[in-house]
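Here's the structure we're looking at; comments come further down.
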Amino acid sequence: MTEHVLSNTAPTVGDIDTVNAREMRSHRLSVAFRYALLAGVGLLMLYPLIWLIGASFKTNSEIFANPGFWPKNPTLDGYIKGWKTSTPYSFGTFFLNTLWIVVPKVIGTAISCTAVAYGFARFEFPFKKLLFASLIATLLLPNVVTRIPQYLLFRDLGWLDSFLPLWVPSAFAGDAFFVFMLVQFLRAIPRDMEEAARVDGATTWQALIFIVVPLLMPALISVCLFQFMWTMNDFLGPLIYISSVDKYPVSLALKLSIDTTEAFEWNRVLAMSVLTLTPALAVFFLAQKYFIDGISSGGIKG
Amino acid sequence: MSGESRFLGLFYLSPYVIGLLIFTALPFVASFYLSFTNYNLMNEPIFTGLANYIKLFTNDRTFRKSLWVTLVYVFTTVPLKLAFALFMAVILNYKLKFINVFRTAYYVPSILGGSIAIAVLWRYIFADVGLVNMGLNLIGFESVNWFGDPTNALFTITLLRLWQFGSAMVIFLAALQSIDRTLYEAAAIDGAGRWTSFVYITLPLITPVIFFNLIMQMVQAFQEFNGPYIITQGGPLKSTYLLPLYIYDEAFKRFDMGYASAIAWVLFVIIMLLTLAAFWSSRHWVYYAGDKRS
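Laid out in structure tokens, this is it:
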């Protein structure tokens, strides 16, 4: 497609000068325009979040009257009353519940996906092509189609109203995205060191733990961070499987607080929204390099 | 690695194979079977042949409405989001200071966007006297009735997902940065303007990531649940009642598992056909480096 653009006559010195002068002029204009646009869009993107933080310290009457960030009469009411909730449990319980889902899920994902990616990237075995194709198929398979039988399966196992349905499938390398991402990463790592270790008598298992895992670390951290983020955000899973309030994770608790207090106690809901976003935001800012690298290399939804 | 059993690789794959069979393959087949049954959890599933599908297509106005709304939602959200993400990536792909700051700022909504807290925030900022209308009033426009009007309500959800353009943008940006600079210099010397370079150099070279983003965003958009569930509850007049909401209600509110499975299968077939169409058509518009075609 590029040929007919490139196949003109050779440029003369005069042509290059004109081009350069034109480039310089348009360059300055273009830079100013780009900065203005970037800053404008950036502000538009982030203002809702900034407003949210300000609004969580506002009184209920001010929330729908003041579009500014700064509260006129700052109050911690939203946080104090919102934390207590209208249930017998506080948000502390709900955060702990979330933790009990997130921790096993992230650990299970990291271990199972590493082993599976290692298998795909370093070994030849029967049905390899078919199994790798199944990985891609799972990647594209909409969850909506397996959700109902999964529910029935977990019901028969007696797992309803427990955290198990929310993390056990992931501990079996159920998130094809992560396996795929790690396989891509592993394929780019040379095998010399592993082969040297094997010659010296190490088992494949030892090569995995002592050589591959350290090299895989950056990708593995990306996997853990994304899994953490998605699990914190997951709503439909808990909505289907968790029915008792004492087992609610924060996402369900927040929905509950809208249903029970939203008619008048707006600042409670906003304050708890800020709190539920905080862990994800904190982790993101501490480790943003891994997020950006993760999506640009492996290609991850968002 | 040589010398060990051909089955060693399968040993490392065993968690995946077990998980695939139990949590994906088995439910996939079961869901297909359930879609031909009447099953309300109380008794065993009763095979009813095509009854669920016949009812869906001949005698279910909710389904027709929901299917239409879903298609409208997907076909507005996905192109808008991709176009905006690509536009911003092109703007960012320049020798600018603070490029990383902007990239991070744009990426934050993608990190948080799926959470319930953001859906809650959306309810507040698009409320009658919410932030958006206060802003519109400030610059001299009338308030918009976002949630009361059926067309606007769906658009607030589209806006929520547009707001999360960052992840698609980062993928575009990585692709743009990998394009060989000398191609543009050569084109500029030949007198090609910026737009010509974009159309004849940039676009063809990034078609693989456009394709990737298109498939991913489409599969995701068809499964949108949190936004309409929290922000609009499917209303007003079912104008945001996307198919995943309908499936959820049928399965987990009315416990009509057979009927819900049939709807899920219709949704699945639509997604699959569109994905296949995209793959099939990609031969004509996706350019892979090293490929003979130009």
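So the protein sequences, as listed, match chains X and P.
For the first sequence, counting from 1, position 193 maps to 193 in this note's numbering; every step adds exactly one.
For the second sequence, counting from 1, position 283 maps to 1283 in this note's numbering; every step adds exactly one.
Every residue, glycine too, gets a C-beta built ideally from N, C-alpha and C.
| query | Is it true that the CB of X:Phe-226 sits closer than 8 Å to the CB of X:Val-283? | reply | no
Exercise. Among P:Ala-1153, P:Leu-1010, P:Ile-1111 and P:Tyr-1107, which has the Cα closest to the Cα of P:Phe-1126?
Worked result: The alpha carbon of P:Phe-1126 has as its nearest neighbour, out of P:Ala-1153, P:Leu-1010, P:Ile-1111 and P:Tyr-1107, the alpha carbon of P:Ala-1153.
_Own chain, CB closer than 7 Å to X:Ile-240, minus 5 neighbours either side, in chain order_ = Tyr-151
TODO: Give the C-beta separation of P:Ser-1115 and X:Thr-276 to the nearest angstrom, bearing in mind that I take them to be a contact with Cβ-Cβ under 8 Å.
DONE: 7 Å
Mapping DSSP to helix, strand and coil, what is X:Phe-291? helix
With DSSP collapsed to three states, give me the class of X:Phe-177.
helix
Q.
Can you look up X:Thr-203 in the DSSP assignment and give me helix, strand or coil?
A. coil
- If you count every other CB in all the chains shown that lies within 10 Å of the CB of P:Trp-1195, and 16 or more means buried, which is it? Its Cβ having fewer than 16 others within 10 Å, P:Trp-1195 is exposed.
Please report the distance separating the alpha-carbon of P:Ala-1277 from that of X:Glu-194. 42 Å
* To do: May I ask you to report which of helix, strand or coil DSSP gives P:Phe-1047?
  => strand
Give me the chain X residues within the contact set of P:Trp-1265, using Cβ-Cβ distance strictly less than 7 Å, ordered along the chain.
Val-145
Rounded C-alpha distance that separates X:Thr-93 from X:Asp-246 = 7 Å
Select from P:Ile-1263, P:Leu-1183, P:Glu-1142 and P:Phe-1172 the residue whose C-alpha is nearest the C-alpha of P:Phe-1087.
The candidate whose alpha carbon is nearest that of P:Phe-1087 is P:Phe-1172.
Margin query: Taking DSSP's pairing of strands, which residues face P:Asn-1038 in a bridge?
Written below: According to DSSP, P:Asn-1038 bridges with P:Ile-1046.
Task: Whole-angstrom distance between X:Val-106 and X:Ala-171, CA atom to CA atom - done: Straight through space, the alpha carbons of X:Val-106 and X:Ala-171 are spaced by roughly 8 Å.
ask   = Thinking C-beta only, is X:Thr-98 closer than 8 Å to X:Met-232?
value = yes
- Query: Is DSSP giving X:Gly-299 helix, strand or coil here?
  - Reply: Model confidence at X:Gly-299 stands at a pLDDT of 47, short of 50, so the residue's coordinates are unreliable and nothing is read from them.
key: Rounded separation between P:Ala-1299 and X:Phe-285 - CA only   = There is simply no residue 1299 of chain P to check, as chain P begins at 1001 and stops at 1294 in what is shown.
Next item on the list: Please list, in chain order, all residues of the same chain as P:Leu-1034 whose beta carbon is under 7 Å from its beta carbon, the five residues on each side excluded.
Entry: Pro-1045, Met-1257, Gly-1258 and Ser-1261
**Asked** CB-CB under 7 Å to P:Tyr-1229, same chain, minus the five flanking residues each way: which ones, in chain order?
**Response** For P:Tyr-1229, same chain residues with a beta-carbon under 7 Å away, outside a window of 5 residues either side, are Leu-1245 in chain order.
Would a check of beta-carbon distances place X:Glu-124 closer than 8 Å to chain P? yes
Near-chain P residues of the region 132 to 156 of chain X (beta-carbon distance less than 8 Å), N- to C-terminal order = Ser-134, Leu-135, Thr-138, Leu-140, Leu-141, Pro-142, Asn-143, Val-144, Val-145, Thr-146, Arg-147, Ile-148, Pro-149, Gln-150, Tyr-151, Leu-152 and Leu-153
Query raised in the report: Does any residue of chain P bring its CB to less than 8 Å from the CB of X:Lys-255?
Result: yes
Could you say which of P:Leu-1176, P:Asn-1100 and P:Ser-1031 lies nearest to P:Leu-1205 if we only look at CA atoms?
Checking every option, the nearest Cα to that of P:Leu-1205 belongs to P:Leu-1176.
Could you pull out every residue in the same chain whose Cβ sits closer than 6 Å to the Cβ of P:Thr-1156, ignoring the five residues on either side in sequence?
Phe-1126 and Trp-1146
Exercise. From which residue to which residue does the alpha helix (DSSP H) around P:Val-1266 run?
Worked result: 1257 to 1285
For X:Leu-182, is the classification buried or exposed, using 16 other Cβ atoms within 10 angstroms of its Cβ as the cut-off for buried? buried
Taking the alpha helix (DSSP H) that P:Ser-1197 belongs to, which residues open and close that run? 1194 to 1197
_Taking the alpha-carbon of P:Phe-1075 as reference, which of P:Ser-1143, P:Gln-1220, P:Gly-1235 and P:Arg-1123 has the nearest alpha-carbon?_
P:Gln-1220
- Query: chain P beta carbons: is any one of them nearer than 8 Å to that of X:Val-269?
  - Reply: yes
**OP:** Taking a Cβ distance cut-off of 7 Å, strictly less, list which residues of the region 1036 to 1070 of chain P are near chain X, in chain order.
**Re:** none
_Against chain P, does X:Leu-215 count as a neighbour if the rule is that its beta carbon must be under 8 Å from one of theirs?_
no
Fill in: P:Val-1209 (DSSP reduced to helix, strand or coil)
helix
Report yes or no: is there a C-beta of chain A within less than 8 Å of the C-beta of X:Tyr-118? Note that chain A does not occur in the displayed structure, where the protein chains are X and P.
Exercise for the section: Under 8 Å Cβ to Cβ from P:Val-1017, same chain only, skipping five residues before and after it: list those, please. Expected result: Leu-1010
Where do the N-terminal and C-terminal ends of the alpha helix (DSSP H) with P:Glu-1185 fall, by residue?
1181 to 1189
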